[in-house]
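Reading through the C-alpha cells given below for one structure.
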Amino acid sequence: MIDQIRPAAAQHVPSLLALVNRFAAQNIMLPRTEEGIRRSLPDWLVVADETQGDAVVGCGCLVALTPTLVEVRSLAVAESRQGTGLGGRLVTALVDEARIRGYEQVCALTLRPAFFERLGFAVVDRWSISPKVWQACIYCPKFHRCDEVAMLMDLTEVHGAGEDDDRGSAGWNRLLKYGAWQPLKLAYQKKPEKRDG
Ligand SMILES: CC(C)(COP(=O)(O)OP(=O)(O)OC[C@H]1O[C@@H](n2cnc3c(N)ncnc32)[C@H](O)[C@@H]1OP(=O)(O)O)[C@@H](O)C(=O)NCCC(=O)NCCS
Numbered sequence: 053m054i055d056q057i058r059p060a061a062a063q064h065v066p067s068l069l070a071l072v073n074r075f076a077a078q079n080i081m082l083p084r085t086e087e088g089i090r091r092s093l094p095d096w097l098v099v100a101d102e103t104q105g106d107a108v109v110g111c112g113c114l115v116a117l118t119p120t121l122v123e124v125r126s127l128a129v130a131e132s133r134q135g136t137g138l139g140g141r142l143v144t145a146l147v148d149e150a151r152i153r154g155y156e157q158v159c160a161l162t163l164r165p166a167f168f169e170r171l172g173f174a175v176v177d178r179w180s181i182s183p184k185v186w187q188a189c190i191y192c193p194k195f196h197r198c199d200e201v202a203m204l205m206d207l208t209e210v211h212g213a214g215e216d217d218d219r220g221s222a223g224w225n226r227l228l229k230y231g232a233w234q235p236l237k238l239a240y241q242k243k244p245e246k247r248d249g
C-alpha cells in the first residue's frame with residue numbers, strides 16, 4: 053500500500069513533534085516547538101501510519117520567506133521508512149503546494165544536497181536566499197560555521213531551448229537579482245580597510 057501524503061491535523065501534532073525533535077536531538081535538523089507546529093499546521097504535510105494510531109512517519113512544511121519565496125523546512129522520514137521514496141514524494145508534494153499557493157521559488161537548506169538535486173533543485177550561494185539568512189540563520193549558533201547547502205527551485209516558466217541566457221534555469225533567482233544581493237555578500241565578507249587620510 054502506498055503511504056498517503058495529506059495535510060496535517062491536530063491529532064498529528066504530538067507524533068510530528070516527536071519525529072522532528074528526534075532528528076533535532078541528533079543535530080541534523082532544527083527543533084520545533086509544539087506551539088510553533090500548532091500555529092503553522094496548515095503549512096504541514098504528513099504521512100501517518102493508521103495501524104499505529106495515526107502516528108506521523110513522514111513530514112515537511114512550507115515557510116514563507118517573502119511573498120514569492122518559500123522554504124521547505126522540517127523534512128523528516130522515520131528511520132524505518134527511509135530509502136523507500138517517501139522523502140522525495142513529500143518534497144514533490146510540498147513543491148506542488150508551493151506552486152498552488154503562487155510562489156515563484158522554493159528553497160531549502162540541507163545536509164543532503166544530492167537528494168534535493170535529484171528532485172530538481174540547484175545548489176545556490178547562501179546569499180541568494182538572503183531572506184532566510186536575515187530571518188533565521190543569523191540567530192543560529194552555527195551561523196559562522198554553517199555546513200548546510202542552500203538549494204533553490206524556480207517555479208516560474210522554464211526558458212526555451214536555444215534562448216540566449218547564461219543564467220541557468222533552476223538556479224536563477226528572479227527575486228534576488230545579482231545586483232541586489234552582491235553588496236550584502238561583499239559587506240559580510242569584507243575585512244576592515246584602512247581609510248585614506
Ligand atoms: C532526508 C530524508 C527526509 C530523506 O527521506 P527518504 O524517505 O529516505 O527519501 P527517499 O527515499 O525519497 O530518498 C532517499 C534515498 O533513497 C533512494 N531511494 C528512493 N526510493 C527508493 C526505493 N524505492 N528503494 C531504495 N532506495 C530508494 C533515493 O535514491 C535517495 O538517495 P539519495 O539520498 O542519494 O538521493 C530522510 O533521510 C530523513 O528524514 N533524514 C533525517 C532528517 C533530515 O536529515 N532532515 C533534513 C532533510 S533536509
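In our numbering, the protein residues as written are 53 to 249.
Cβ coordinates follow ideal geometry from the N, Cα and C atoms, glycine included.
Per DSSP, the bridge partner or partners of residue i
i	result
Pro-94	Partner(s): none; Pro-94 has no beta bridge.
Asp-101	Ala-107
Ala-174	Leu-204
Ala-188	In the DSSP output, where bridge partners are listed per residue, Ala-188 has none listed.
Cys-113	Trp-96, Arg-125
Pro-165	In the DSSP output, where bridge partners are listed per residue, Pro-165 has none listed.
Arg-197	DSSP lists no partner for Arg-197.
Boundaries (first-last residue) of the beta strand (DSSP E) holding residue i
i	result
Glu-123	121-129
Asp-162	Reading off the sequence shown, one finds Thr at residue 162, where the question assumed Asp. Element bounds for Thr-162: 157-162.
Val-201	201-206
Arg-84	Looking at the DSSP string, Arg-84 is not in any beta strand (DSSP E), and its letter there is neither H nor E.
Arg-133	Unbroken run through Arg-133: none, as it is neither H nor E.
Ile-57	57-59
Residue i and residue j closer than 8 Å at C-beta
i	j	result
Cys-111	Arg-125	no
Thr-120	Glu-156	yes
Glu-131	Thr-162	no
Thr-118	Pro-183	yes
Leu-69	Glu-87	no
Cut-off 7 Å between Cβ atoms - residues of its own chain near residue i, not counting five sequence neighbours on either side
i	result
Ala-150	Leu-114, Val-122, Val-158, Leu-207
Ile-57	Leu-97, Val-99, Arg-141, Leu-142, Ala-145
Phe-173	Ala-160, Met-203, Leu-204, Met-205, Ala-222
Leu-127	Gly-112, Gly-139, Leu-142, Val-143
Pro-165	Val-175, Val-201, Met-203
Arg-133	Val-109, Gly-110
Arg-90	Val-65
Close Cβ partners of residue i (< 6 Å) along its chain, the five nearest in sequence each way excluded
i	result
Ile-181	Cys-159, Ala-202
Met-81	Phe-75
Ala-60	Leu-93, Trp-96, Val-98
Ala-107	Ser-67, Asp-101
Ile-72	In the sequence under discussion, the amino acid at residue 72 is Val, which differs from the Ile named in the question. Within the same chain, Val-72 has close Cβ partners Arg-84, Ser-126, Ala-128.
Asn-225	Low confidence applies here, because Asn-225 scores a pLDDT of 41, under 50, leaving its location unreliable; read the following figure in that light. Contacts found: Ser-180.
Ile-54	none
Unbroken alpha helix (DSSP H) run spanning residue i, endpoints
i	result
Val-72	65-76
Ser-151	As written in the sequence, residue 151 is Arg, which differs from the Ser given in the question. Counting along the chain, the alpha helix (DSSP H) containing Arg-151 begins and ends at 138-152.
Cβ separation of residue i and residue j, assumed to be a contact under 8 Å, to the nearest whole Å
i	j	result
Val-129	Val-109	7 Å
Cut-off 8 Å between Cβ atoms - residues of its own chain near residue i, not counting five sequence neighbours on either side
i	result
Gln-187	Leu-117
Gln-63	Asp-106
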